[in-house]
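Colleague:
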Amino acid sequence: MSTTSLARAEAQSAAARGFTMPAEWEAHAGCWMIWPERTDNWRQGAKPAQAAFCAVAAAIAAHEPVTMLVSARQYANARALLPRGVRVVEGSSNDAWARDVGPSFLRHANGTLGGVDWPFNAWGGLRGGLYFPWDLDDAVAGKILEIERAHAFRAPLVIEGGAIHVDGQGSVLVTESCLLDTNRNPGVTRAGIELVLMDYLGANNVIWLGDGVPGDETGGHVDNLACFTAPGEVLLSWCDDPADPHHAVSRDADARLRAAFDANGQPLKIRHIPMPTPMFITAEEAAGIDVTDSAMNRAAGTRLAASYVNFYIANGAIIAASFGVPSDVAAHNVLASCFPSAAIITVPAREILLGGGNIHCITQQQPKTWA
Ligand code: KQY
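According to this note's numbering, the sequence shown is numbered sequentially starting from 5.
1. Just mark PHE157 as buried or exposed, buried being the case when its beta carbon has 16 or more other beta carbons within 10 Å.
2. Just to check, is the beta-carbon of GLY166 closer than 7 Å to a non-hydrogen atom of ligand 1?
3. How many Å lie between ALA4 and GLY191 at the Cα?
4. Output yes or no for whether 8 Å exceeds the beta carbon distance between TRP39 and PHE23.
5. Given a cut-off of 8 Å on the beta-carbon distance, is the pair THR350 and SER331 in contact?
6. Should LEU130 be labelled buried (16 or more other beta-carbon atoms within 10 Å of its own) or exposed?
7. Among the candidates HIS225, ALA62, ALA126, whose CA atom is the shortest distance from the CA of SER298?
8. Please work out which residues of its chain come closer than 6 Å, Cβ to Cβ, to TRP46, disregarding the five sequence neighbours upstream and downstream, and give them in chain order.
9. Return the bridge partner residues of MET72 from the DSSP annotation.
10. Tell me the DSSP secondary structure of GLU221 in three-state form.
11. Pull up the distance between the alpha-carbon of VAL329 and that of THR116, whole angstroms please.
12. Below 8 Å, can you find three or more Cβ-Cβ pairs linking the stretch 24-39 to the stretch 268-288?
13. Taking DSSP's pairing of strands, which residues face VAL144 in a bridge?
14. Does the distance from the CB of ILE201 to the CB of VAL176 come in under 8 Å?
15. Alpha carbons only, please: which of ILE151, GLY216, ALA309, GLY172 is nearest the one belonging to GLU237?
16. With a threshold of 8 Å, are at least 3 pairs of Cβ atoms found where one atom belongs to the stretch 203-214 and the other to the stretch 252-259?
17. Give me, in chain order, the residues of the same chain whose beta-carbon lies closer than 6 Å to that of GLN368; leave out the 5 immediate sequence neighbours on both sides.
18. Going by other Cβ atoms of all chains shown within 10 Å of its Cβ, with 16 needed for buried, is GLY119 buried or exposed?
19. For a minimum of 3 consecutive residues, which ranges assigned as the beta strand (DSSP E) are wholly contained in the stretch 192-276?
20. Expressed to the nearest angstrom, what Euclidean distance is found between the alpha-carbon atoms of ASP258 and ASN81?
21. Report the residue ranges of all beta strand (DSSP E) runs contained in full by the stretch 111-183; include only those spanning at least 3 residues, in chain order.
22. Can you give me the C-alpha to C-alpha distance between PHE232 and GLY224, rounded to a whole angstrom?
23. Verify the contact flag: ASN98, CB atom, against every heavy atom of ligand 1, threshold strictly below 7 Å.
24. For ASN314, which residues in the same chain have their Cβ closer than 7 Å to its Cβ, ignoring the five residues on either side in sequence?
25. Less than 8 Å between the beta carbons of ALA159 and TRP122, yes or no?
26. At which residues does the beta strand (DSSP E) containing SER326 begin and terminate?
27. So if DSSP puts TYR316 in a beta bridge, which residue, or which two residues, is it bridged to?
28. When you compare only the Cα positions, how much space is there between TRP242 and ASP220?
29. Terminal residues of the continuous alpha helix (DSSP H) containing GLN369?
30. Which of the three DSSP states is assigned to SER108 in this structure?
31. Taking 8 Å as the threshold, find out whether the stretch 332-344 comes into contact with the stretch 63-76 through three or more Cβ pairs.
32. Which term fits GLU288, buried or exposed, when burial requires 16 or more other beta carbons within 10 angstroms of its beta carbon?
33. Since ASP185 and GLY128 are thought to touch, with beta carbons under 8 Å apart, how far apart are those beta carbons, to the nearest angstrom?
34. Verify the contact flag: THR222, CB atom, against every heavy atom of ligand 1, threshold strictly below 7 Å.
35. Roughly how many angstroms lie between the CA atoms of PRO344 and ASN208, to the nearest whole one?
36. Where does HIS32 sit, in a helix, a strand or coil, going by DSSP?
Set out below in structure tokens:
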């Protein structure tokens, strides 16, 4: 069965049954995270990353309940390091990317909880992916949905949560570089992908951007490039330096957004946020990562794929990255102007960046439900 007909066969599975994905700024029941431990991705035995994840968890836990999924090996350590208010649940994974391996939570019009369980292949499988195996990661979304007694919808396409952004009113933002990646979904057409986004997220307006932030090891997740900040309002990571590869990427994205409309047919409101001052992996940082043949190697001098767009929207607060670089202040001011009624909480995120992601990538919101 082709992917398109599979999607059709399952069309009754989510949107047609009344489930849609709420926007991230809608009220949350809580946030899911996964504890980092693999030493071939996180330097120095993952200890600096664990401290960074603790800081993110603590910042979010001040605004909504946080659950940390932790392996049996690391359970006692995580419990000791995390604030008591963070719920620690034993569960296995291959790494720590709750955005990508967790469910994209849905809500029914009657207030019940659902979620999409996207197949996961480590951002591109054996040909383009970042590690092998990924079977434990692929099982995470289903387990979380079972813990929450939510309706689970296993999707027919490999898509990660970081590869989509919704505004809760029918629009979904994606990048061609990820959604059309043949290492994820060979042979699947743009129309087939749109059908799945409509059937599983309740979208009716797919907005296609081109490439993601240069050097992004996911192939260009939209959550590192642009996000909705309100229905029909988009924040785009912006670069003014023509010598920087992100200059062309951000201009192409801007042009596409200016040609697009929201789900009501209105032009989008587009804001820009500066990209971070360029940052590079130091020799000391690179030397702290264990070299194995089952994960990617990171070399000293490699530019980090940093962005301020990769923040988490908690109940009443924005949990945003700071990198200790000159661009931090201007970027945090832009976030404050996008979310005037939220507290802007900044957390040092360089250690998360060294593992290949950022705050949005390590978090997954669960919407509030009432049934
Ligand atoms: O950015 C993300 N959503 C995940 C990045 C994964 C990097 C794995 N090393």
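Don't be surprised by glycine CBs; every beta carbon is placed ideally from N, CA and C.
Modeller: In short, the structure shows the following:
1. Position 153 of the sequence shown, counted from the start, is the residue given in the question as residue 157. Buried is the call here.
2. Position 162 of the sequence shown, counted from the start, is the residue given in the question as residue 166. Yes, Cβ of GLY166 sits closer than 7 Å to a heavy atom of ligand 1.
3. Nothing can be reported for residue 4, as the shown portion of the chain is limited to 5 through 375.
4. Locating residue 39 in the sequence shown gives position 35, where the first residue counts as 1. Locating residue 23 in the sequence shown gives position 19, where the first residue counts as 1. In this structure, TRP39 keeps its C-beta atom at 8 Å or more from the C-beta atom of PHE23.
5. On the sequence shown, residue 350 is found 346 positions in, with the first residue counted as 1. On the sequence shown, residue 331 is found 327 positions in, with the first residue counted as 1. No, Cβ-Cβ distance for THR350 and SER331 is not below 8 Å.
6. Within the sequence shown, the letter at position 126 stands for residue 130. So LEU130 counts as exposed.
7. Taking the first residue of the sequence shown as 1, we reach residue 298 at position 294. Taking only the C-alpha atoms, the option nearest SER298 is ALA126.
8. Start at 1 with the first residue of the sequence shown, and residue 46 comes out as number 42. The answer, listed in chain order, is PRO40, ALA53, GLY359.
9. As a working note, residue 72 is residue 68 in the sequence shown. Under DSSP, MET72 forms a beta bridge with MET37, VAL92.
10. Here the question's residue 221 lines up with position 217 in the sequence shown. Here DSSP, grouped into helix, strand and coil, assigns GLU221 to coil.
11. The residue you call residue 329 lines up with position 325 of the sequence shown. The residue you call residue 116 lines up with position 112 of the sequence shown. Taking the straight line from one Cα to the other gives about 43 Å.
12. no
13. Numbered from its first residue, the sequence shown carries residue 144 at position 140. VAL144 is not bridged to any residue.
14. The count along the sequence shown starts at 1 and reaches residue 201 at position 197. The count along the sequence shown starts at 1 and reaches residue 176 at position 172. Ile is not the amino acid found at residue 201; the sequence shown has Leu there. For LEU201 and VAL176, yes; Cβs fall inside 8 Å.
15. Here residue 237 refers to the residue found at position 233 when the sequence shown is read from its first residue. Answer by Cα proximity: GLY172.
16. Contact holds: three or more Cβ-Cβ distances are below 8 Å.
17. On the sequence shown, residue 368 is found 364 positions in, with the first residue counted as 1. Cβ neighbours of GLN368 beyond the five flanking positions: TRP36, ALA102, ARG103, GLY106.
18. Residue numbering aside, residue 119 sits at position 115 when the sequence shown is read from its first letter. With 16 or more Cβ atoms within 10 Å of its Cβ, GLY119 is classed as buried.
19. 209-213, 230-234, 237-242
20. For the purposes of this step, residue 258 is identified with residue 254 of the sequence shown, where counting begins at 1. For the purposes of this step, residue 81 is identified with residue 77 of the sequence shown, where counting begins at 1. Between the C-alpha atoms of ASP258 and ASN81 there is a straight-line separation of about 44 Å.
21. 117-121, 155-158, 175-179
22. In the sequence shown, counting from the first residue as 1, residue 232 sits at position 228. In the sequence shown, counting from the first residue as 1, residue 224 sits at position 220. Distance between the alpha carbons of PHE232 and GLY224: 17 Å.
23. In the sequence shown, the residue the question calls residue 98 occupies position 94. No; taking the cut-off as 7 Å, the Cβ of ASN98 has no heavy atom of ligand 1 nearer than that.
24. Locating residue 314 in the sequence shown gives position 310, where the first residue counts as 1. Cβ neighbours of ASN314 beyond the five flanking positions: ASP227, ASN228, ALA325, ASN362, ILE363, HIS364, CYS365.
25. Here residue 159 refers to the residue found at position 155 of the sequence shown. Here residue 122 refers to the residue found at position 118 of the sequence shown. A contact, by the Cβ cut-off of 8 Å.
26. Taking the first residue of the sequence shown as 1, we reach residue 326 at position 322. It spans 321-326 - the beta strand (DSSP E) in which SER326 sits, taken as one unbroken run.
27. For the purposes of this step, residue 316 is taken as residue 312 along the sequence shown, with counting starting at 1. According to DSSP, which records beta bridges pairwise, TYR316 is partnered with ILE323.
28. Residue 242 sits at position 238 when you count from the first residue of the sequence shown. Residue 220 sits at position 216 when you count from the first residue of the sequence shown. Annotation: TRP242 to ASP220 spans about 15 Å, alpha carbon to alpha carbon.
29. Locating residue 369 in the sequence shown gives position 365, counting from the first residue. Here GLN369 belongs to no alpha helix (DSSP H); instead the beta strand (DSSP E) covers 368-371.
30. Here the question's residue 108 lines up with position 104 in the sequence shown. DSSP places SER108 in strand when its eight states are reduced to three.
31. no
32. The count along the sequence shown starts at 1 and reaches residue 288 at position 284. So GLU288 ends up on the exposed side.
33. Stepping through the sequence shown from its first residue, residue 185 is reached at position 181. Stepping through the sequence shown from its first residue, residue 128 is reached at position 124. Between ASP185 and GLY128, the beta carbon gap of about 6 Å places them in contact (Cβ cut-off 8 Å).
34. As a position in the sequence shown, residue 222 is number 218, starting the count at 1. Flag set: Cβ of THR222 near ligand 1.
35. As a working note, residue 344 is residue 340 in the sequence shown. As a working note, residue 208 is residue 204 in the sequence shown. Roughly 28 Å between the two C-alpha positions.
36. Numbered from its first residue, the sequence shown carries residue 32 at position 28. It is a strand residue.
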